[in-house]
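Asker: Numbered according to my numbering, the sequence shown spans residues 347 to 664.
Every residue gets a Cβ at the ideal spot worked out from N, C-alpha and C, and that includes glycine.
Since this is a predicted model, take the numbers as computed values, not measurements.
One structure, pasted below without further comment.
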Amino acid sequence: MKEVTAGVDIGGTNTVFGLVDKTGDVIVEGNLITTDYPEIHDFTRALGSALRSMLKSNPDLKLIGTGIGAPNANYHKGTIELAPNLAWKGIVPLADLVKKEIDVPVVVTNDANAAAMGEMIFGGAKGMKEFIVLTLGTGLGSGIVINGQMVYGHTGHAGELGHTTIVPGGRVCGCGRRGCYETYASASGLVRTVLEMLSELRDPSVLRDIPPSQLTSKRIAEAAAEKDPIAVKAMDFTAEKIAFGIINAIAFSSPEAVFLFGGLAQAGEALFEPVRKYVDSMVMPIFRGTVKILPSNVPESNAAVLGAAALAWNEFGS
Ligand SMILES: [Zn+2]
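Below, the structure is given as structure tokens:
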């Protein structure tokens, strides 16, 4: 029998899951439309039945545990708590409900912590004991590993670098406060920056022809690669803001590496080069040159499943 863990990533619209072996091979995978299940019990039943049928059609596999990445997930309690983008309100005892379906140990955390665990077990952070993963998507998530351990904190919700204040009194954030890191340093933050610059600056730009609702970080990065003046300024501004958050995190925990992951990180060197430049020029001298700023080394297409499966490998693997 080959041991596997189940990795489950619950997103606002889509849930992906798969069975993953110790080397990071995703042996079989599937998905559910999260919004088809407004009632949590129906969701966990559907998930349980899908996982059971995967195991049934692969009788040589032995499931040793389930790892789940989900918004606002609490590692200590195995719950999802007050997740604004999910239909399940209040406090959802997710780990207990999933364990009722498939009787193996279950570990739950948020998607950014799962991404960091994926990096540690299957990606570029193998062998590292001190590193940070920043997921630059619609928002900014972070997973912080210190001394080989994920930092969960007193409440289980540690690692909310996306909601550290980067510009006092700055942009309004979804959390109800202002100036949070993620309102600048994320794919949607970059779009906000471009929209501001388009209205405040007179530079010509191909981005002026795109309706604001259709503007994406991908399109902006392409325009920056073609030296579009607004796109270049917006990328540079965003890189500087990303760097601010990184130098604060470096002062706090002195990581060996910071991995950038997610939609905005796809911009590649157009983003990494200025981020490294700003980190180098602004970081405290004792840390200069000590921190690698790297792209994620977990395959993007499977990253969510691999991260969640890595959680279970880390927790329940031998
Ligand atoms: Zn916030």
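Residue 374 by DSSP, collapsed to three states: which one?
Answerer: DSSP places residue 374 in strand when its eight states are reduced to three.
Asker: Under 8 Å between the Cβ atoms of residue 669 and residue 424?
Answerer: Here the chain has residues from 347 to 664 only, and residue 669 is not among them.
Asker: Rounding to the nearest angstrom, what Cα-Cα distance links residue 542 and residue 626 in this structure?
Answerer: If you take the alpha carbons of residue 542 and residue 626, they lie about 27 Å apart.
Asker: With distances taken between CB atoms, is the gap from residue 585 to residue 550 smaller than 8 Å?
Answerer: No, they are not a contact pair.
Asker: Leaving out five residues before and five after residue 416 in sequence, what residues of the same chain have Cβ atoms less than 6 Å from its Cβ?
Answerer: Within the same chain, residue 416 has close Cβ partners 356, 426.
Asker: Give a single yes or no on whether residue 538 has its beta carbon closer than 7 Å to a heavy atom of ligand 1.
Answerer: Answer for residue 538: no, Cβ out of range of ligand 1.
Asker: Taking Cβ to Cβ, would you say residue 358 is nearer than 8 Å to residue 418?
Answerer: No. Outside cutoff.
Asker: Within the same chain, show all residues whose beta-carbon is closer than 7 Å to that of residue 392, passing over the 5 residues directly before and after it, in chain order.
Answerer: 378, 383.
Asker: Locate the beta strand (DSSP E) running through residue 556, then write down its first and last residues.
Answerer: Note, residue 556: premise wrong, no beta strand (DSSP E); not H, not E.
Asker: Shorter than 7 Å, the distance from the beta carbon of residue 517 to the closest heavy atom of ligand 1, or not?
Answerer: The answer is no for residue 517.
Asker: Consult DSSP for residue 412 and reduce its assignment to one of helix, strand or coil.
Answerer: Note: residue 412 maps to strand in three-state DSSP.
Asker: Do residue 654 and residue 478 count as a contact pair if the criterion is CB distance below 8 Å?
Answerer: For residue 478 and residue 654, no; Cβs fall outside 8 Å.
Asker: Give the range of the beta strand (DSSP E) segment to which residue 459 is assigned.
Answerer: Per DSSP, residue 459 belongs to no beta strand (DSSP E); it is in the alpha helix (DSSP H), 457-468.
Asker: Quick check: what's the CA-CA separation for residue 565 versus residue 662?
Answerer: Each residue's alpha carbon lies about 42 Å from the other.
Asker: Is the stretch 608-620 touching the stretch 491-511 in the sense that three or more CB pairs, one from each, lie closer than 8 Å?
Answerer: Counting Cβ pairs under 8 Å, fewer than three are found: no touch.
Asker: Is the stretch 392-408 in contact with the stretch 633-651, if contact means three or more CB pairs nearer than 8 Å?
Answerer: No: fewer than three Cβ pairs fall under 8 Å.
Asker: Closest by CA to residue 475, which one among 500, 496, 525?
Answerer: When only C-alpha atoms are compared, the closest one is 496.
Asker: So what does DSSP say about residue 392, is it helix, strand or coil?
Answerer: If DSSP states are grouped into helix, strand and coil, residue 392 belongs with the helices.
Asker: Give me the DSSP bridge partner(s) of residue 349.
Answerer: In the DSSP output, where bridge partners are listed per residue, residue 349 has 408.
Asker: What are the start and end residues of the beta strand (DSSP E) that includes residue 513?
Answerer: Where residue 513 is concerned, there is no enclosing beta strand (DSSP E), given that its DSSP letter is neither H nor E.
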